[in-house]
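When the letters of the sequence shown are read in order and numbered with my numbering, they come out as residues 24 to 132.
Glycine included, each C-beta is placed from N, C-alpha and C at the ideal position.
Note that the structure is predicted; figures quoted are calculated from it, not measured.
Input: a single structure, listed below in structure tokens.
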Amino acid sequence: MQTECKEERADDLLHPQVYKCTLPSMTLTDARKRLTDEETEIVVDWSQALSSGTSTNIDRLIEWISTYPNKRGVHVYLGSGRHHSTGRKLQNSLQALGCRVTNRSYQLV
């Protein structure tokens, strides 16, 4: 069952799949309140994007995360492969923001 978001988002900074609403009653305002909670953690799996060899816009990811109120609650997985300069730039920038960065793939248990 798919639902629609009640409010429009300002910019599509990430892949459209990220923005799919799972709770029909959640509005953008509700989501913002939930994201400011200290115990809320955001997990970003960037491992496939870095290993696929396609061009990725890491500046937009960094910009998006820098607007998040609790950057210590952001955990980014970069994959286990050796990173080119793009991956190193992303890792250094995320760590400078206070995010947790793991150099392995995210696996659901």
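- One alpha carbon belongs to R111, the other to W69, and they sit about 13 angstroms apart.
- If you look at T125, you'll find it in the beta strand (DSSP E) that goes 123-125.
- With a contact defined as Cβ atoms closer than 8 angstroms, G102 and R127 qualify at about 7 angstroms.
- Bridge pairing for I65: V97 [DSSP].
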